[in-house]
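Reviewing the structure listed below.
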Amino acid sequence: AQRVTQPEKLLSVFKGAPVELKCNYSYSGSPELFWYVQYSRQRLQLLLRHISRESIKGFTADLNKGETSFHLKKPFAQEEDSAMYYCALSKSGGYQKVTFGTGTKLQVIP
Amino acid sequence: GAGVSQTPSNKVTEKGKYVELRCDPISGHTALYWYRQSLGQGPEFLIYFQGTGAADDSGLPNDRFFAVRPEGSVSTLKIQRTERGDSAVYLCASSLRLAGNIDEQFFGPGTRLTVL
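In order, the protein sequences belong to chains A and B. So the number in this note's numbering is just where the residue sits in the first sequence, counting from 1, plus 62. So the number in this note's numbering is just where the residue sits in the second sequence, counting from 1, plus 10.
Structure follows, in structure tokens:
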């Protein structure tokens, strides 16, 4: 069975401080990993995916297969980063069922 | 263009009643998904449609839940004999579904279902 674990329900950081949102997964195979974000009163939206290897809004995430982790990082937090962040996993190869973690609320303190 | 829309935005019903939740995907998106999000949890996969057919309904919790997409566009999630435990936000998403790729799912605003 596939499982995504986000150990922190809430992460509070000061503006300008580095951010790391933790995500660990269990999956017997080669997964696709994603980060989704939900800003206040907005819809859930894709932030980034590991296969794209891109930086979105200053966020990056590296897939570490040895540690089965996909932590989300940003060197300098901004107030507009405050949101709910969900790590998610899917089987690679075009299969569409996505398993989400329980989410971490990021609060950036001005 | 318009994003994914869901109606109603809120639905309050009594235990044992039947409810229907509607999802209008982005025009041209062939794939449609339903998720359920309980308080304090992440979205939980229910069912995925590719066109008119349910490609994966393994997330439906029991036979009280059923979903259709008869013309490959609008979808309806149907819940029979509702229970208090069905209370949640029901999310719909759609995607373009390019062959062989995981493509971006665009989410609707959700329907908040409350079963009294």
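Just so it is clear, CB atoms sit at the ideal spot from N, CA and C, and this is done for glycine as well.
For alanine 64 of chain B, the enclosing beta strand (DSSP E) starts and ends at 63-66. Taken atom to atom, the span from the alpha-carbon of serine 154 of chain A to that of glutamine 16 of chain B is near 29 Å.
If you look at alanine 103 of chain B, you'll find it in the beta strand (DSSP E) that goes 98-105. Approximately 7 Å separates the beta-carbon atoms of tyrosine 87 of chain A and phenylalanine 132 of chain A; this is inside 8 Å, confirming the contact. Here DSSP, grouped into helix, strand and coil, assigns glutamate 82 of chain A to strand.
In the three-state scheme derived from DSSP, where H, G and I count as helix and E and B as strand, aspartate 34 of chain B is classed as strand. For phenylalanine 132 of chain A, not one C-beta of chain B is nearer than 7 Å to its own C-beta.
According to DSSP, glutamate 81 of chain B shares a beta bridge with no other residue. Between the alpha carbons of glycine 50 of chain B and threonine 67 of chain A lies a distance of about 13 Å. In the same chain as phenylalanine 162 of chain A, and ignoring 5 residues on each side of it, the C-beta atoms closer than 6 Å to its own belong to Tyr148 and Ala150, in chain order. In this structure, the CA atom of valine 29 of chain B is about 47 Å from the CA atom of glycine 78 of chain A. Relative to alanine 145 of chain A, the option among A:Gly128, A:Val160 and A:Ile171 whose CA is nearest is A:Ile171.
Following the DSSP letters along the chain, one finds threonine 67 of chain A inside the beta strand (DSSP E) bounded by residues 65-67. In this structure, leucine 56 of chain B lies near arginine 46 of chain B, with their beta-carbon atoms less than 7 Å apart. In this structure valine 14 of chain B does not touch glycine 82 of chain B by the C-beta definition: roughly 15 Å separates them, more than the 8 Å allowed. At a cut-off of 7 Å between beta-carbon atoms, proline 18 of chain B makes no contact with chain A. Per DSSP, the unbroken beta strand (DSSP E) holding serine 74 of chain A starts and ends at 72-76.
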